[in-house]
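**Q**
There are 2 protein chains.
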Amino acid sequence: MKQGCTIALDAMGGDHGPEVVVPSAVRYLAANPYVDIILVGDEPRIDAILGKASRERLRIRHTTQEVAMDELPSKALRGKKDSSMRVAIDLVKEGEAGACVSAGNTGALMATARFVLKTLPYVDRPAICTAVPSMHGHTHMLDLGANVDCSAEHLFQFAVMGSELVSAVEGIERPRVGLLNIGQEEIKGNEQVKQAHELLSKSNLNYVGYVEGDGIFVEDIDVVATDGFVGNVALKCSEGVAKFIRHTLTGQFKRTWYTRLSALAALPILKSFRRTVDPRRYNGASLLGLRGIVVKSHGGADEVAFENAIYIAEKEIHANIPQRIGEQVGQHLGREQYRETA
Amino acid sequence: MKQGCTIALDAMGGDHGPEVVVPSAVRYLAANPYVDIILVGDEPRIDAILGKASRERLRIRHTTQEVAMDELPSKALRGKKDSSMRVAIDLVKEGEAGACVSAGNTGALMATARFVLKTLPYVDRPAICTAVPSMHGHTHMLDLGANVDCSAEHLFQFAVMGSELVSAVEGIERPRVGLLNIGQEEIKGNEQVKQAHELLSKSNLNYVGYVEGDGIFVEDIDVVATDGFVGNVALKCSEGVAKFIRHTLTGQFKRTWYTRLSALAALPILKSFRRTVDPRRYNGASLLGLRGIVVKSHGGADEVAFENAIYIAEKEIHANIPQRIGEQVGQHLGREQYRETA
Chain A
91 MKQGCTIALD AMGGDHGPEV VVPSAVRYLA ANPYVDIILV GDEPRIDAIL
141 GKASRERLRI RHTTQEVAMD ELPSKALRGK KDSSMRVAID LVKEGEAGAC
191 VSAGNTGALM ATARFVLKTL PYVDRPAICT AVPSMHGHTH MLDLGANVDC
241 SAEHLFQFAV MGSELVSAVE GIERPRVGLL NIGQEEIKGN EQVKQAHELL
291 SKSNLNYVGY VEGDGIFVED IDVVATDGFV GNVALKCSEG VAKFIRHTLT
341 GQFKRTWYTR LSALAALPIL KSFRRTVDPR RYNGASLLGL RGIVVKSHGG
391 ADEVAFENAI YIAEKEIHAN IPQRIGEQVG QHLGREQYRE TA
Chain B
91 MKQGCTIALD AMGGDHGPEV VVPSAVRYLA ANPYVDIILV GDEPRIDAIL
141 GKASRERLRI RHTTQEVAMD ELPSKALRGK KDSSMRVAID LVKEGEAGAC
191 VSAGNTGALM ATARFVLKTL PYVDRPAICT AVPSMHGHTH MLDLGANVDC
241 SAEHLFQFAV MGSELVSAVE GIERPRVGLL NIGQEEIKGN EQVKQAHELL
291 SKSNLNYVGY VEGDGIFVED IDVVATDGFV GNVALKCSEG VAKFIRHTLT
341 GQFKRTWYTR LSALAALPIL KSFRRTVDPR RYNGASLLGL RGIVVKSHGG
391 ADEVAFENAI YIAEKEIHAN IPQRIGEQVG QHLGREQYRE TA
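Chains A and B, in that order, give the protein sequences.
According to the working numbering, the first sequence is numbered sequentially starting from 91.
According to the working numbering, the second sequence is numbered sequentially starting from 91.
(1) For the stretch 281–298 of chain A against the stretch 326–336 of chain A, do three or more pairs of beta-carbon atoms, one drawn from each stretch, fall closer than 8 Å, so that the two count as touching?
(2) Can you list, in chain order, the residues of its chain with a C-beta nearer than 8 Å to that of residue 301 of chain B? Leave out the 5 residues immediately preceding and following it.
(3) Quick check: the stretch 153–167 of chain B against the stretch 409–420 of chain A, are at least 3 beta-carbon pairs closer than 8 Å?
(4) Quick one, are the C-beta atoms of residue 318 of chain B and residue 237 of chain B less than 9 Å apart?
(5) According to DSSP, which residues form a beta bridge with residue 152 of chain B?
(6) Can you name the residues of chain A whose CB is closer than 9 Å to the CB of residue 239 of chain B?
(7) Any idea what DSSP makes of residue 373 of chain A, helix, strand or coil?
(8) Can you name the start and end residues of the alpha helix (DSSP H) that residue 175 of chain B belongs to?
(9) Are three or more beta carbon pairs between the stretch 121–134 of chain B and the stretch 91–104 of chain B nearer than 8 Å?
(10) For residue 276 of chain B, which residues from the same chain have a beta carbon less than 7 Å from its beta carbon, with the 5 sequence-adjacent residues on both sides left out?
(11) Check whether chain A comes within 9 Å of residue 388 of chain B, counting only Cβ atoms and requiring the distance to be less than that.
(12) Residues of chain A with CB closer than 7 Å to the CB of residue 337 of chain B, please, in chain order.
(13) Measuring straight from C-alpha to C-alpha, what distance separates residue 375 of chain A and residue 386 of chain A?
(14) Using a Cβ cut-off of 9 Å (strictly closer), state whether residue 117 of chain B contacts chain A.
(15) Figure out for me which residue from B:129, B:202, B:361 and B:158 has the closest Cα to the Cα of residue 382 of chain B.
(16) What does DSSP give as the partner residues of residue 422 of chain A in its beta bridges?
(17) Based on the DSSP secondary-structure assignment, which residues constitute the bridge partners of residue 159 of chain A?
(18) With 9 Å set as the bound, which would you pick, yes or no: does the beta-carbon of residue 325 of chain B sit closer than that to a beta-carbon of chain A?
(19) Could you give the distance in angstroms between the alpha-carbon of residue 112 of chain B and the alpha-carbon of residue 138 of chain B?
(20) Applying the criterion that 16 or more other CB atoms from any shown protein chain within 10 Å of the CB defines a buried residue, is residue 405 of chain B buried or exposed?
(21) What does the alpha-carbon distance come out to for the pair residue 146 of chain B and residue 104 of chain B?
(22) Of all the options B:181, B:295, B:117 and B:150, which has the alpha carbon lying nearest to the alpha carbon of residue 516 of chain B?
(23) Specify, as a first and last residue, the run of the beta strand (DSSP E) that residue 232 of chain A falls within.
(24) Checking the sheet assignment: what are the DSSP bridge partners for residue 189 of chain B?
(25) For residue 107 of chain A, which option in A:148, A:143 and A:155 has the closest C-alpha, if you only look at C-alpha atoms?
(26) Just checking: is the beta-carbon of residue 334 of chain B within a distance shorter than 9 Å of some beta-carbon in chain A?
(27) Verify the CB distance criterion: does residue 300 of chain B have a CB-CB separation below 9 Å to chain A?
(28) As a quick exercise: from A:400, A:215 and A:356, pick the residue whose alpha carbon is nearest that of residue 346 of chain B.
(29) Give a yes or no on whether the minimum CB-CB distance between residue 96 of chain A and chain B is below 9 Å.
(30) Would a C-beta distance cut-off of 9 Å place residue 197 of chain B and residue 231 of chain B closer than the cut-off?
(31) Jot down the residue ranges of each uninterrupted beta strand (DSSP E) in the stretch 247–314 of chain B, minimum 3 residues, whole runs only, in chain order.
(32) Within 9 Å (strictly less), CB to CB, does residue 399 of chain A reach chain B?
(33) Measure the alpha-carbon distance for residue 173 of chain B versus residue 211 of chain A and round it to whole angstroms.
(34) Check the C-beta distance from residue 437 of chain B over to residue 206 of chain B and give it rounded, since I have them as a contact under 8 Å.
(35) Give the range of the alpha helix (DSSP H) segment to which residue 327 of chain A is assigned.
(36) I'd like to confirm the pairing. Which residues does DSSP put opposite residue 224 of chain B in its beta bridges?
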């Protein structure tokens, strides 16, 4: 039998706050009988949105503050100790919740999570990891923006954490791990990447070598490690290209009465296509390397997307991600070989 | 009346060598009566492929060596003085050709072009620039891989060169210039990007500020400057996502007999869509910052794609790109303000 678990939701985070988080919670609870949810935020507002919805396995934890989407992480950390974001993370720290999910300000979420939960031994920096759709299913990519300047050791740690996440959550025994690089010979990559390549080649990860930008989406690879600047640009580029292509395709179908008719005929295909590449199905980025589970939802997430982020949190609870990463990272990073090289 | 010009083609470069370059040249000459072409490479091979095609405005310059696609740039530069790539660049240096086009090894092409042609005054490093399709037409992006580690001044120079290229070739008086960055607050970018932002804000370029990865494809922007690592990943990512989406869409249409029928109905739309996002229409990257015009074609380019690279070279000859960039870069980079900051 599936074990029960409790997930804390930052009800005030994101562009839509409780208007999206509360209905998502209600839907999620209805579909998942072994989950309890704590809605953290302004009780009267949450209460009003809940209305007559079932409150079974649902609690509200009232808070008086909110972290703004553009607030400086340092300010949020110092001045907002009763924010919905902070209290949701505190609940994980105190063991009241197995994980928390927030659609709030990424910088503040990372800074607060790091301060409250602390990083695992051997992990220098936590990283943000998400899955992106690819021709072979999907690829997990990290870091996505938490660390703009990374050393070879950081990149190596990201690779270990990503591999462990995929192994635990997807049940792949030895995930194929790649290192993001550029294609040209000789000028192949910067110093950090070349050194990380050395570390990875000597590790017992299933390291397949360098991957170029297109490889994330077309190659059969499970984990791609890169620094937060490049990872963020790669992720956002993929969103931009997908939007551009959707826009162009829609424009073509609307051009004339004939193309409008063909669009009608092609509707089921286009719908099924949209479902396959629906970014909402990929909503939910994991903050890895912490002593607790924190999942970041896209700020603009709708209910379907936010539910997916809750689902990721639940999967990570069942897979016991922080403990597994702690053990594996310890094994990899505690090894003589790594320490000597690093 | 349009003035005549001469373009040298590295006939041996690329995955397909003369099999693609020679027919492209023949087609290009037929369609463009004011252009002369010099095919540089193995004369007997070129001659055999030319067969009975018209040789009007076409010359062959025989060479005895070839630069391999995976050859080290330093080796190509030292040891291959009679390679088709080197001689095509020499022809530009000697004024026999107004530009050269090569589908060969990017690293070798950049190293050889830099050695033979030299960089313009005030330009520390040449950069590779190409247009990518966007919701508003297209966006020029640079650098795409020539410079993996860039200072703020390098990024600034890329922005000036890109702006001047777009202004001259597209006739846009004050191109909108952006600097590629990541979205999160506080952790917004690395030091180089922040400093380049300062330099650009004080310049008289039409600088619109930071652009995120998706902005390249959805925002109304003419030039995006970034370092060669990030630019290369961004470009390849866009190619990968486009390939993935094409693959998924095609898969959906082939699913059942009904979807196959709808695909038939939607065929004209899909064709017109493919034309709009056809990467071949964007083939041809400019090596900017040199005292001569060098255009790099994709190694795997077919005839249509290679013709587009020749077209870009012709446009740059008519726009007198190196001289214009030289003047503008001098104006921008010779300014007191820039020198003081830098």
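Note that the Cβ used here is the ideal one computed from N, Cα and C, for glycine as well.
**A** The structure says:
(1) no
(2) For the purposes of this step, residue 301 of chain B is identified with residue 211 of the second sequence, where counting begins at 1. Result list for residue 301 of chain B: 268, 269, 270, 271, 309, 311 and 314, in chain order.
(3) no
(4) What you label residue 318 of chain B is simply residue 228 of the second sequence in a count that begins at 1. What you label residue 237 of chain B is simply residue 147 of the second sequence in a count that begins at 1. Contact flag set, yes.
(5) As a first step, residue 152 of chain B is located in the second sequence; it is residue number 62 there, counting from the start. Beta-bridge pairing links residue 152 of chain B to B:131.
(6) To locate residue 239 of chain B, count along the second sequence from 1; it is residue 149. Residues of chain A passing the Cβ test: 280 and 281.
(7) For the purposes of this step, residue 373 of chain A is identified with residue 283 of the first sequence, where counting begins at 1. Residue 373 of chain A: coil per DSSP, three-state reduction.
(8) Position 85 of the second sequence holds residue 175 of chain B. Start and end: 174–183.
(9) yes
(10) For this step, residue 276 of chain B is matched to residue 186 along the second sequence. Unreliable placement is indicated for residue 276 of chain B, whose pLDDT of 44 sits below 50; the coordinate value is still reported in the next sentence. Around residue 276 of chain B: no qualifying Cβ.
(11) Counted from its first residue, the second sequence places residue 388 of chain B at position 298. For residue 388 of chain B, the answer is no, since every Cβ of chain A falls outside 9 Å of its Cβ.
(12) Numbered from its first residue, the second sequence carries residue 337 of chain B at position 247. Per Cβ cutoff of 7 Å: 225.
(13) For this step, residue 375 of chain A is matched to residue 285 along the first sequence. For this step, residue 386 of chain A is matched to residue 296 along the first sequence. Using only the alpha carbons, I get a separation of about 5 Å.
(14) What you label residue 117 of chain B is simply residue 27 of the second sequence in a count that begins at 1. With 9 Å as the cut-off, residue 117 of chain B does not count as an interface residue toward chain A.
(15) One-based indexing of the second sequence puts residue 382 of chain B at position 292. With distances taken between Cα atoms, residue 382 of chain B lies closest to B:202.
(16) Position 332 of the first sequence holds residue 422 of chain A. Paired residues: none, contrary to the question.
(17) Here residue 159 of chain A is taken as the residue at index 69 of the first sequence, counted from 1. DSSP lists no partner for residue 159 of chain A.
(18) Residue 325 of chain B sits at position 235 when you count from the first residue of the second sequence. Yes, because at least one Cβ of chain A sits closer than 9 Å to the Cβ of residue 325 of chain B.
(19) Against the second sequence, residue 112 of chain B aligns to sequence position 22. Against the second sequence, residue 138 of chain B aligns to sequence position 48. Rounded to whole angstroms, residue 112 of chain B to residue 138 of chain B spans 10 Å at the Cα level.
(20) Position 315 of the second sequence, counted from the start, is the residue given in the question as residue 405 of chain B. It is buried - the Cβ of residue 405 of chain B has at least 16 other Cβ atoms within 10 Å.
(21) Position 56 of the second sequence, counted from the start, is the residue given in the question as residue 146 of chain B. Position 14 of the second sequence, counted from the start, is the residue given in the question as residue 104 of chain B. The straight-line gap from Cα to Cα measures roughly 25 Å.
(22) Absent from the model: residue 516 of chain B. The displayed extent of chain B is 91 to 432, so no value can be given.
(23) Residue numbering aside, residue 232 of chain A sits at position 142 when the first sequence is read from its first letter. Here the beta strand (DSSP E) through residue 232 of chain A covers 227–232.
(24) Your numbering for residue 189 of chain B matches position 99 in the second sequence. According to DSSP, residue 189 of chain B bridges with B:97 and B:383.
(25) For the purposes of this step, residue 107 of chain A is taken as residue 17 along the first sequence, with counting starting at 1. Checked all of A:148, A:143 and A:155; the closest Cα to residue 107 of chain A is A:155.
(26) Here residue 334 of chain B refers to the residue found at position 244 of the second sequence. Yes, because at least one Cβ of chain A sits closer than 9 Å to the Cβ of residue 334 of chain B.
(27) Numbered from its first residue, the second sequence carries residue 300 of chain B at position 210. Chain A, which has no Cβ nearer than 9 Å to the Cβ of residue 300 of chain B, makes this no.
(28) For this step, residue 346 of chain B is matched to residue 256 along the second sequence. Minimum Cα distance to residue 346 of chain B is reached at A:356.
(29) On the first sequence, position 6 is the one that residue 96 of chain A refers to. No, residue 96 of chain A does not count as interfacial toward chain B.
(30) The sequence position of residue 197 of chain B within the second sequence is 107, counting from 1. The sequence position of residue 231 of chain B within the second sequence is 141, counting from 1. Cβ distance not < 9 Å, so residue 197 of chain B and residue 231 of chain B don't count as in contact.
(31) 266–270 and 296–301
(32) As a first step, residue 399 of chain A is located in the first sequence; it is residue number 309 there, counting from the start. For residue 399 of chain A, the answer is no, since every Cβ of chain B falls outside 9 Å of its Cβ.
(33) Working through the second sequence from its first residue, we reach residue 173 of chain B at position 83. Working through the first sequence from its first residue, we reach residue 211 of chain A at position 121. Going by the C-alpha atoms only, they are around 55 Å apart.
(34) Coverage of chain B is limited to positions 91 through 432, which leaves residue 437 of chain B absent and any answer about it impossible.
(35) Along the first sequence, read from residue 1 onward, the residue named residue 327 of chain A stands at position 237. Segment 318–343, the alpha helix (DSSP H) holding residue 327 of chain A.
(36) Translated into the one-based positions of the second sequence, residue 224 of chain B becomes position 134. In the DSSP output, where bridge partners are listed per residue, residue 224 of chain B has B:227.
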